[in-house]
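Peer 1: For the sequence shown, full-length UniProt numbering assigns the number 1 to the initial residue and increments by one for each residue that follows.
For every residue, glycine included, the Cβ atom is placed at its ideal position computed from N, Cα and C.
Just so we're clear, the structure is a prediction, and the values are computed from it rather than from any experiment.
Have a look at this one.
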Amino acid sequence: MGSGRNVAVFGAYGHTGRFVVAELRERGYVPLLLGRDQDRLLALAQAQPGLEARQASVDDPASLDRALNGAAAVINCAGPFATTAAPLVEAALRAGIPYVDVAAEIEANVDTFAHFAERARAAGTVVVPAMAFFGGLGDLLVTTAMDDWTAADEAHIAYGLSSWHPTTGTLAAGVVSGQRRSGRRVRYTGGRLEYHDDALPALEWSFPAPLGPQSVIGEFTMADVVTVPSHLAIPEVRTYMTAKAAADLSAATSAPTAVDERGRSAQTFVVDVLVRSGGTERRVVATGQDIYAISAPLAVEAVDRILTGRTRTTGVASAGAVFDAPDFLRALSSHLSLHVPLDTRG
Numbered sequence: 001m002g003s004g005r006n007v008a009v010f011g012a013y014g015h016t017g018r019f020v021v022a023e024l025r026e027r028g029y030v031p032l033l034l035g036r037d038q039d040r041l042l043a044l045a046q047a048q049p050g051l052e053a054r055q056a057s058v059d060d061p062a063s064l065d066r067a068l069n070g071a072a073a074v075i076n077c078a079g080p081f082a083t084t085a086a087p088l089v090e091a092a093l094r095a096g097i098p099y100v101d102v103a104a105e106i107e108a109n110v111d112t113f114a115h116f117a118e119r120a121r122a123a124g125t126v127v128v129p130a131m132a133f134f135g136g137l138g139d140l141l142v143t144t145a146m147d148d149w150t151a152a153d154e155a156h157i158a159y160g161l162s163s164w165h166p167t168t169g170t171l172a173a174g175v176v177s178g179q180r181r182s183g184r185r186v187r188y189t190g191g192r193l194e195y196h197d198d199a200l201p202a203l204e205w206s207f208p209a210p211l212g213p214q215s216v217i218g219e220f221t222m223a224d225v226v227t228v229p230s231h232l233a234i235p236e237v238r239t240y241m242t243a244k245a246a247a248d249l250s251a252a253t254s255a256p257t258a259v260d261e262r263g264r265s266a267q268t269f270v271v272d273v274l275v276r277s278g279g280t281e282r283r284v285v286a287t288g289q290d291i292y293a294i295s296a297p298l299a300v301e302a303v304d305r306i307l308t309g310r311t312r313t314t315g316v317a318s319a320g321a322v323f324d325a326p327d328f329l330r331a332l333s334s335h336l337s338l339h340v341p342l343d344t345r346g
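And the structure:
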């Protein structure tokens, strides 16, 4: 265990990694800059005076051990997580420090829960996968909407993105996930993940004003189908994406372009969560700017709560399981607006 203020960031020079480094510094932590590409790592270190850069490869466990020396925690921002997550979790367990990542890949998150749950619990440490816009935020919102419910029939998570300019990391992760499932699609139904070749349904979702009704792609399945059922008794977890944003998700779309001093893009988002039990519905809505940028305060707030003992469990756990979800979301009020419509509370 290292200094309580040193937090290693693997993939620190990536698009999301840079947001995480900035957020850590803003919160008073000292980022340790980790990555595989020595040239990009050194360039980032030159742009971040006073920070230490450490080259490491997921194929070289000894290099990871050296890179994590003196760190109090590690945040993995480097995809594809099918390649990076397991070696980094292993290294974190050897170092005796908590691990957080921003993985959106469904299969990579399933693997983290399956392969490390017992070992992390036995070590008394915390491993939090998918602590990002996809997976972490949805789980926190569903958990908040559940409130005192111990079970529900359905959870619906609708993503209203104004546009989507994917990073190279997002595109690479999508390719890996597609290969792992042989091009099939995935949904969470009947209490389990189900792979299929059905066409994606085109639906309409009524988002709260001012967004309003939008054409969406049904079963646009994201990491929420791993995080939510990992701790909540909900047999049907369904996710939706605005059709116009889904259409942007291609290699031909340009990368995000910064429009403010934080480096955020102009992209805005609405995450509309609805849980149903019998004839009762509960709804929670979050709005903000830039899905990549918001992943930084999500991941850093998670690390801060782990290091200050504000957790509910050990082992591999999703955001909603390990943290006080409503309190966590309130802590992000400078980054995220939260709405709980009274007319849908049961």
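Taking the continuous beta strand (DSSP E) assigned at residue 202, which residues delimit it?
Peer 2: Note, residue 202: beta strand (DSSP E), 202-206.
Peer 1: Determine contact between the stretch 11-19 and the stretch 38-48, defined as no fewer than three beta-carbon pairs at a distance below 8 Å.
Peer 2: Verdict: yes, contact present.
Peer 1: In this structure, does DSSP put residue 1 in helix, strand or coil?
Peer 2: Caution applies to residue 1, whose pLDDT of 46 falls short of 50 and renders its modelled position unreliable; the value that the coordinates give is listed next. It is coil, neither helix nor strand.
Peer 1: Tell whether a beta-carbon distance below 9 Å holds between residue 263 and residue 121.
Peer 2: Contact flag unset, no.
Peer 1: Looking only at its chain, what residues have a beta carbon closer than 6 Å to the beta carbon of residue 289, apart from the 5 residues adjacent to it on each side?
Peer 2: Excluding positions up to five away in sequence, the list reads 264, 268.
Peer 1: On the three-state DSSP scale, how would you describe residue 107?
Peer 2: Looking at residue 107 - three-state DSSP - the assignment turns out to be helix.
Peer 1: Where does the unbroken beta strand (DSSP E) through residue 289 begin, and where does it stop?
Peer 2: 280-289 is the extent of the beta strand (DSSP E) around residue 289.
Peer 1: Mind checking whether residue 239 and residue 159 have CB atoms under 9 Å apart?
Peer 2: A contact, by the Cβ cut-off of 9 Å.
Peer 1: Assign residue 150 to buried or exposed, taking buried as 16 or more other Cβ atoms, counted over all protein chains shown, within 10 Å of its Cβ.
Peer 2: Exposed.
Peer 1: Specify whether the stretch 225-243 and the stretch 180-196 touch according to this definition: at least 3 beta carbon pairs, one from each stretch, less than 8 Å apart.
Peer 2: Yes: the two stretches touch, three or more of their Cβ pairs being nearer than 8 Å.
Peer 1: Looking at residue 204: is its Cβ nearer than 9 Å to the Cβ of residue 213?
Peer 2: In this structure, residue 213 lies closer than 9 Å to residue 204 by Cβ.
Peer 1: Measure the alpha-carbon distance for residue 173 versus residue 340 and round it to whole angstroms.
Peer 2: When rounded, the distance between both Cα atoms is 33 Å.
Peer 1: For a quick check, are the C-beta atoms of residue 178 and residue 202 less than 9 Å apart?
Peer 2: Result no, Cβ atoms of residue 178 and residue 202 do not sit closer than 9 Å.
Peer 1: Could you tell me the distance, in whole angstroms, from the CA atom of residue 61 to the CA atom of residue 84?
Peer 2: Looking at the two C-alpha atoms, the distance is approximately 11 Å.
Peer 1: Quick one: residues in its chain with C-beta nearer than 6 Å to the C-beta of residue 343, no 5 flanking neighbours on either side, listed in chain order?
Peer 2: Its pLDDT being 48, under 50, residue 343 is placed unreliably by the model, and the measurement read from it follows with that caveat. Counting only Cβ-Cβ distances below 6 Å, and skipping sequence neighbours, we find nothing.
Peer 1: Just how far apart, CA to CA, sit residue 65 and residue 91?
Peer 2: Cα to Cα, residue 65 sits roughly 6 Å from residue 91.
Peer 1: Kindly identify the DSSP beta-bridge partner or partners of residue 33.
Peer 2: Beta-bridge pairing links residue 33 to 9, 53.
Peer 1: Taking 6 Å as the limit between beta carbons, can you name the residues of its chain near residue 19, skipping five residues before and five after?
Peer 2: Around residue 19: 293, 296.
Peer 1: Between the C-alpha atoms of residue 27 and residue 71, what's the straight-line distance to the nearest angstrom?
Peer 2: Their backbone Cα atoms lie some 16 Å apart in a straight line.
Peer 1: Taking only runs of the beta strand (DSSP E) that begin and end inside the stretch 91-168, which ones reach a length of at least 3 residues, in chain order?
Peer 2: Complete beta strand (DSSP E) runs here, min 3: 99-101, 126-128, 154-161.
Peer 1: Where does the unbroken alpha helix (DSSP H) through residue 38 begin, and where does it stop?
Peer 2: Its alpha helix (DSSP H) spans residues 38-47.
Peer 1: By Cβ distance, which residues of its chain are closer than 7 Å to residue 131, with the 5 residues on each side in sequence left out?
Peer 2: Same-chain partners within the cutoff: 100, 101, 102, 298, 299, 302, 319.
Peer 1: Based on Cα-Cα distance, which residue from 161, 124, 326 lies nearest to residue 309?
Peer 2: Selected option, being the one with the closest Cα: 124.
Peer 1: Tell me the DSSP bridge mates of residue 59?
Peer 2: Bridge partners of residue 59: none, in fact.
Peer 1: So is residue 69 buried or exposed if we call it buried at 16+ other beta carbons inside 10 Å?
Peer 2: Exposed, since its Cβ has fewer than 16 Cβ neighbours within 10 Å.
Peer 1: Figure out for me which residue from 43, 323, 227, 253 has the closest Cα to the Cα of residue 193.
Peer 2: That would be 227, whose Cα lies nearest to the Cα of residue 193.
Peer 1: Compute the Euclidean distance between the alpha carbons of residue 345 and residue 280, then round it to the nearest angstrom.
Peer 2: Only weak support is given to the placement of residue 345: the predicted model assigns it a pLDDT of 46, under 50, and the value that follows is read from those uncertain coordinates. Going by the C-alpha atoms only, they are around 8 Å apart.
Peer 1: How big is the Cα-Cα spacing for residue 329 and residue 95?
Peer 2: For residue 329 and residue 95, the distance between alpha carbons rounds to 30 Å.
Peer 1: Going by Cα to Cα distance, which pick from 143, 107, 89, 105 is closest to residue 117?
Peer 2: Of the candidates 143, 107, 89, 105, the one whose C-alpha sits nearest the C-alpha of residue 117 is 89.
Peer 1: Between 113, 143, 24, which lies nearest to residue 274 when the distance is taken from Cα to Cα?
Peer 2: That would be 143, whose Cα lies nearest to the Cα of residue 274.
Peer 1: Between which two residues does the alpha helix (DSSP H) carrying residue 326 extend?
Peer 2: Counting along the chain, the alpha helix (DSSP H) containing residue 326 begins and ends at 325-331.
Peer 1: Can you pull the DSSP bridge partners for residue 233?
Peer 2: Answer is 151.
Peer 1: Decide if residue 1 is buried, meaning its Cβ has at least 16 other Cβ atoms within 10 Å, or exposed.
Peer 2: Confidence is the limiting factor: at residue 1 the pLDDT is only 46, short of 50, which leaves the residue's position unreliable, though a coordinate-based value still follows. Exposed, by the Cβ-count rule.
Peer 1: Can you tell me which of the three DSSP states residue 176 falls into?
Peer 2: In this structure, residue 176 counts as helix in the three-state DSSP scheme.
Peer 1: Roughly how many whole angstroms lie between the Cα atoms of residue 216 and residue 148?
Peer 2: Their backbone Cα atoms lie some 30 Å apart in a straight line.
Peer 1: Please go through the same chain and pick out, in chain order, the residues whose beta-carbon is closer than 7 Å to the beta-carbon of residue 347, but skip the five residues on each side of it.
Peer 2: There is simply no residue 347 to check, as the chain begins at 1 and stops at 346 in what is shown.
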